[in-house]
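A quick write-up on the structure given underneath.
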Ligand SMILES: C[S@@+](CC[C@H](N)C(=O)[O-])C[C@H]1O[C@@H](n2cnc3c(N)ncnc32)[C@H](O)[C@@H]1O
């Protein structure tokens, strides 16, 4: 992929790798640049499990979306959506209920430009460029007011993104703000990377300091504290392959993953 490609937004910084494009590369996508691939290769040298992590995390996002849709949720906000590939949130939600509406949010211009292309013909889904740390700018955006009925339950998907929020931005306080903004009966789907079981994740996190998105590892207790006030649905906070696996064998090797995930309900 080169900077001449017609979809590359003018404001994109291709000289510094971004989490969205690195993740796209891990998943075998084409929306990344040489600088992203160079850093990805250094990351693979210290932490070869990275593509596995991306795959099992994406699979968790899909299962959590389907779960919420099956609970009757028809409106979704996917924050830190990255580059939607096959099996994106709107495809899963609209397969359960064609009336489902999806607002995608990312602060990375390539992720937003790519999502715009994918969603061109879908009037029940849209993408906005906004920051997770500013919920008001997300819920106040014209696409949010068009697509979402805030008096009805919704699902907020905050998957593999809060580890890019430093402690100084109070991630637990941020999740509490989302919780307070969600009608009872709403759901949060959440995942967060940790170094609890794989010490080499820390080496990969160190390399992320060379990207636009430094990453912060947190322990299981720290992740659990962020979910205070949400009623976690069974099986609670687990490694993502252990969260309602399609096949029990998918969870056998879960500790190789180091990604914690949960789905929580807002009870009012
Ligand atoms: C690892 S990807 C996860 C993509 C998707 N949620 C998934 O789990 O498959 C993280 C995404 O979060 C985005 N991101 C990082 N910090 C963000 C912020 N403060 N606000 C919005 N998006 C952010 C990145 O641009 C990237 O697309």
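Residue numbers (this note's numbering): -6 to 261.
Every residue, glycine too, gets a C-beta built ideally from N, C-alpha and C.
Assignment of residue 157 by DSSP, reduced to helix, strand and coil, places it in the helix class.
Looking at the DSSP output, residue 258 shares a beta bridge with 180 and 224. Residue 228 and residue 102 have their alpha carbons spaced roughly 35 Å apart. For residue 139, the enclosing alpha helix (DSSP H) starts and ends at 135 to 140. With fewer than 16 other Cβ atoms from the protein chains shown falling within 10 Å of its own Cβ, residue 139 counts as exposed. DSSP, read as helix, strand or coil, puts residue 210 in coil. In the DSSP assignment, residue 94 falls within the unbroken beta strand (DSSP E) covering 94 to 99.
For residue 71, the enclosing beta strand (DSSP E) has its first and last residue at 68 to 72.
By the Cβ neighbour-count rule, residue 214 is exposed, with fewer than 16 other Cβ atoms within 10 Å of its own.
Secondary structure at residue 217: helix, using DSSP grouped into helix, strand and coil. Between the alpha carbons of residue 19 and residue 47 lies a distance of about 7 Å. Residue 156 is not a Cβ neighbour of residue 118, given a cutoff of 8 Å.
For residue 149, no alpha helix (DSSP H) run applies; the uninterrupted beta strand (DSSP E) run containing it begins and ends at 148 to 152, by DSSP.
The closest CA to that of residue 128, considering only 26, 175 and 56, is found on 175. According to DSSP, residue pairing for residue 231 in a beta bridge involves 254. Only buried fits residue 106, as 16 or more other CB atoms lie within 10 angstroms of its CB. Excluding its 5 nearest sequence neighbours in each direction, residue 130 has C-beta neighbours in its own chain below 8 Å: 123 and 124, listed in chain order. Classified as buried, residue 100 has 16 or more neighbouring CB atoms from the shown chains inside 10 Å of its CB.
For residue 1, there is no enclosing alpha helix (DSSP H), as DSSP gives it neither H nor E. Rounded to the nearest angstrom, the Cβ distance from residue 222 to residue 172 is 5 Å, consistent with a contact under 8 Å.
Checking the 7 Å criterion, the Cβ of residue 97 is out of range of every heavy atom belonging to ligand 1. Around the beta carbon of residue 14, a 10 Å sphere encloses 16 or more other beta carbons of the protein chains shown; the residue is thus reported as buried.
Residue 210 and residue 185 have their alpha carbons spaced roughly 8 Å apart. DSSP places residue 121 within a strand segment (E or B) once states are collapsed to three.
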